[in-house]
Amino acid sequence: MKMPGNLNMKNMMKQAEKMKKQMEEIQEKAGNEIVETTSGGGMVKVEAKAKGEITSIHIENEVLESGDKDMLEDLIQAAVNEALDKGKEKIKDKMGEVASSMGIPPGLL
């Protein structure tokens, strides 16, 4: 004899697994989106995947010619950190959109 509660639990588990898979797919897709940042008024440009992988760093010749190593290091660090922050925010926003569309309260995921 089957109990109605078991059927509901099975359906809930299936739905939870489906939702988990959807969230993983969206996180992977969002993680591969490119974010771009600059520092020093565009002297250093960094592109990164939202998941945190730096894909390119471009440095204007003007910065290199200045010979100011400390300034260059600061500009690279600032641009990289901003790119990583933007990437995290992008993934968080995408996950929030998905959660909202599924009726999950904001901030729960």
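Numbering (this note's numbering), first residue to last: 384 to 492.
Heads up, the beta-carbon is just placed ideally off N, CA and C, and yes, glycines get one too.
Item                                                                                                                                          : Value
Quick check on DSSP: helix, strand or coil for Ala482?                                                                                        : helix
For a test of the three-state rule: what should DSSP assign to Glu472, helix, strand or coil?                                                 : helix
Could you check whether Val481 and Ile409 sit closer than 9 angstroms to each other, using their CB atoms as the reference points?            : yes
To which residues of the same chain is Glu445 closer than 8 angstroms at the C-beta, ignoring the five residues directly before and after it? : Met426
Do Ile417 and Ala431 have their C-beta atoms within less than 9 angstroms of each other?                                                      : yes
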